[in-house]
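**Q** In the numbering used here, the protein residues as written are 18 to 446.
Beta carbons: idealized from backbone N, C-alpha and C, even for Gly.
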Ligand code: ACO
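1. Select from 134, 100 and 164 the residue whose C-alpha is nearest the C-alpha of residue 176.
2. Which two residues bound the contiguous alpha helix (DSSP H) that contains residue 181?
3. Mapping DSSP to helix, strand and coil, what is residue 22?
4. Is residue 94 near the ligand ACO - that is, is its Cβ less than 7 Å away from at least one heavy atom of it?
5. Output the boundary residues of the beta strand (DSSP E) element that contains residue 43.
6. With distances taken from CA atoms, which of 162, 342, 256 and 280 is nearest residue 496?
7. What does a CB cutoff of less than 8 Å around residue 379 pick up in its chain, not counting 5 residues either side in sequence?
8. Tell me which residue opens and which closes the alpha helix (DSSP H) that residue 433 is part of.
9. Is the beta carbon of residue 204 less than 8 Å from the beta carbon of residue 128?
10. So is the beta-carbon of residue 280 under 7 Å away from any non-hydrogen atom of the ligand ACO?
11. Using the Cα positions of residue 443 and residue 263, report the straight-line distance between them to the nearest angstrom.
12. Return the residue from the list 387, 400, 248 and 422 that minimises the CA-CA distance to residue 75.
13. Provide the residue span of the beta strand (DSSP E) that contains residue 83, from first to last.
14. Would residue 191 and residue 138 qualify as a contact pair, given that the criterion is a beta-carbon distance under 8 Å?
15. Consider the C-beta atom of residue 318 and the heavy atoms of the ligand ACO; say whether any pair is separated by less than 7 Å.
16. If you check the beta carbons only, do residue 64 and residue 403 fall under 8 Å apart?
17. Excluding the 5 residues preceding and the 5 following residue 374 in the sequence, name in chain order all residues of the same chain whose CB lies nearer than 6 Å to its CB.
18. Could you give the first and the last residue of the continuous alpha helix (DSSP H) run that contains residue 124?
19. At what residue ranges does the segment 272-330 contain a whole run of the alpha helix (DSSP H), taking only runs of 4 or more?
In structure tokens, the structure reads:
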């Protein structure tokens with residue numbers, strides 16, 4: 018017999034089923050709670066709430082475990098490439114050689130974005146943040162691909178997903194070029210994902226050859242992999258919530274991009290480098306910033322530290338930190354920000370305040386240093402995160418669509434405002 022918990026309320030006893038996941042994690046299934054008891058639950062920030070069941074990514078925060086479809090992130094970051102991981106997330110299995118070749122070809126084929134979307138990006142002021150351009154361009158795709166908007170049609174969903182996987186890198190590169198006041202470099206058919214992307218970012222119009230140091234394209238590929246999914250995080254939950262209203266897939270992904278932008282989520286990578294630069298300009302005074310972060314009267318936080326789920330070292334941060342050392346060493350780059358980051362990491366991971374609260378570096382703490390080594394400026398860091406997270410968002414959107422339990426996401430509240438009052442006409446107020 019399956020396990021239950023008992024709730025005693027109003028002198029009555031209610032049985033609450035316990036639901037068990039494939040890694041033995043257990044949760045109360047409260048889907049009948051309100052109809053049975055009249056009660057709702059209150060959980061600000063969803064700290065204790067599983068919004069869905071999912072078979073895509075497993076994350077265990079105490080030990081620092083992350084697996085996509087059962088495969089450890091360390092192995093995927095080391096041995097797979099981003100398109101392979103995209104396939105794994107989307108279809109649940111690693112591709113065969115032939116399947117991978119077809120997936121790569123599919124992504125290459127559809128990289129050109131509609132002229133109207135390129136014009137839209139070009140119409141932004143040059144000071145616009147690339148995240149604003151990317152979000153706007155993604156939602157605009159829905160008006161150019163009206164043949165792929167039906168959330169009930171499997172074929173529409175497949176084609177829309179393909180388009181997004183092909184075109185987000187072009188949109189991202191064009192947003193960067195716009196912010197630099199440079200002409201767009203269209204995608205090149207015969208280049209792989211990262212090589213093509215770096216060409217669109219840093220190439221010159223009309224050139225026929227664009228060499229990329231494989232150390233850099235491999236580092237970029239790894240960064241995309243470690244960002245590819247992270248179960249029900251803020252942006253992925255947003256994608257699911259938007260999609261739950263039967264909004265189209267482009268609108269749902271654009272919603273996720275906006276959620277990612279915030280500095281408490283994907284925007285942290287940009288905020289980390291800004292913080293490191295600030296420390297550098299302040300006599301490298303790491304201790305001062307650690308003290309500021311601990312001071313409750315100051316809203317300053319150590320960016321890139323802490324995580325809602327990880328209560329130990331984020332396994333992705335470990336991978337990115339090792340890659341920083343490797344890449345900067347190979348390229349003979351001496352980045353003073355990496356030294357400051359390491360000093361900060363050392364102080365914070367031995368300080369009682371951070372230990373007591375389980376605040377360790379997260380994926381964004383070292384990623385900015387690596388993006389800088391690749392030549393990507395800090396206002397593009399969160400766009401890079403979005404590029405990596407796209408397959409995760411799509412996989413979750415599709416899982417949500419296919420779930421027999423799908424319902425519109427519509428939380429309840431506990432109302433704390435005024436009780437009924439008599440309206441006072443304007444002249445009497
Ligand atoms: N610096 C200093 N103190 C911190 C930090 C930090 N970076 N993060 C959390 N704390 C403290 C809080 O002040 C709080 O202290 P208290 O218990 O004395 O009040 C305690 O740790 C718990 O923090 P919460 O804000 O309740 O934790 P929550 O799970 O809500 O937030 C979050 C997690 C948003 C990641 C938070 O740690 C943070 O703001 N970190 C900095 C931003 C960041 O790096 N975000 C990226 C997250 S990873 C990602 O999205 C890819």
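**A** Reading from the atomic positions:
1. Checking every option, the nearest Cα to that of residue 176 belongs to 164.
2. Run containing residue 181: 171-196, per the alpha helix (DSSP H) assignment.
3. For residue 22, the secondary structure class from DSSP, reduced to helix, strand or coil, is strand.
4. Within 7 Å of the C-beta of residue 94 there is not a single heavy atom belonging to the ligand ACO.
5. Its beta strand (DSSP E) spans residues 43-45.
6. There is no way to answer for residue 496, as the model of the chain reaches only from 18 to 446.
7. In its chain, beyond the 5 residues on either side, 285, 321, 322, 323, 324, 327, 331, 333 and 334 have a beta carbon closer than 8 Å to the beta carbon of residue 379.
8. Unbroken run through residue 433: none, as it is neither H nor E.
9. Yes, they are a contact pair.
10. Answer for residue 280: yes, Cβ within range of the ligand ACO.
11. Answer to the nearest angstrom: the Cα atoms are 41 Å apart.
12. Taking only the C-alpha atoms, the option nearest residue 75 is 248.
13. First-last of the beta strand (DSSP E) with residue 83: 82-85.
14. Using a Cβ distance threshold of 8 Å, residue 191 and residue 138 count as a contacting pair.
15. Yes, the beta carbon of residue 318 sits closer than 7 Å to at least one heavy atom of the ligand ACO.
16. With contacts defined by Cβ atoms closer than 8 Å, residue 64 and residue 403 do not form a contacting pair.
17. None.
18. Run containing residue 124: 114-126, per the alpha helix (DSSP H) assignment.
19. Complete alpha helix (DSSP H) runs here, min 4: 285-297 and 303-311.
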